Structures are given as C-alpha cells and as structure tokens.
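Chemist: Start counting the sequence shown at 1; every next residue gets the next number (the working numbering). Cβ atoms here follow ideal geometry from the backbone N, Cα and C, with glycine treated the same way. All of these numbers come straight from a predicted model, not from anything done at the bench.
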Amino acid sequence: MKKKISGKDLTKEAPRSPRIRVGGFAILGRTIDKCRALVAGEIGEYHFDCPLDNMLFGFKGVQGEDFKAQIEQGASDQEMVEWLNRVQQSL
C-alpha cells in the first residue's frame, strides 16, 4: 500500500525558493516541494524534473525517477539529504 504523500499544494502556494538551502544544497527544497506535489496530484503550473532540478540531479548523479521513488516512499527532507549523500558516495 502506498503512503499518502503530503506537502505544499502548489495550486495554492509556491514551492520554496531555490535559494533556500536544505542540507547545504540550493534548489533541493524546491525540488522536494515540486516532487511531493506531483505525487499528491497538486503540482499546478509547476514542473518536476525541469532543467533547474536536473542541475541538482546531474551534480549528484541521480535521475528524476529515482528521486521521485524516494519521495513516493515518504522520505522526509532530511532523509532526502542523506539519500543524496549516499548516492554520491557510491559513485
């Protein structure tokens, strides 16, 4: 059974600014907000896996689908930071 993913409803409010750092990473908070909204069906006019998100994914060596799979499992912001750091270490 899938976990219910909740986060910002991007049809009503904006995701975090790309300047707000999460775990030391610019863009990450915004990317997490957009991904959670996508999974919850509340992404509105925003796009997950966009060129800005892909700058982070390319830097960390991950794919958007892998990132989304972690969010679908209910990963917190901190768990996403830890996952990204593990992925980079294994490269």
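Count the other C-beta atoms from every protein chain shown that fall within 10 angstroms of the C-beta of Ala37, then say buried if there are 16 or more, exposed otherwise.
Modeler: The residue you call residue 37 lines up with position 37 of the sequence shown. Its Cβ being crowded by 16 or more others within 10 Å, Ala37 is buried.
Chemist: Beta carbon of Met80, beta carbon of Gln73: below 8 Å?
Modeler: Residue 80 sits at position 80 when you count from the first residue of the sequence shown. Residue 73 sits at position 73 when you count from the first residue of the sequence shown. No, they are not a contact pair.
Chemist: What separation, rounded to the nearest whole angstrom, lies between the Cα atoms of His47 and Asn54?
Modeler: Counting from one through the sequence shown, the residue named residue 47 turns up at place 47. Counting from one through the sequence shown, the residue named residue 54 turns up at place 54. Approximately 11 Å, taken between the alpha carbons.
Chemist: Assign Phe67 to one of three DSSP states: helix, strand, or coil.
Modeler: Against the sequence shown, residue 67 aligns to sequence position 67. Of the three classes helix, strand and coil, the one that applies to Phe67 here is helix, per DSSP.
Chemist: Sorted by chain position, which residues of the same chain lie with C-beta nearer than 6 Å to Arg30's C-beta, five sequence neighbours on each side aside?
Modeler: Against the sequence shown, residue 30 aligns to sequence position 30. The answer, listed in chain order, is Pro15, Arg16, Pro18.
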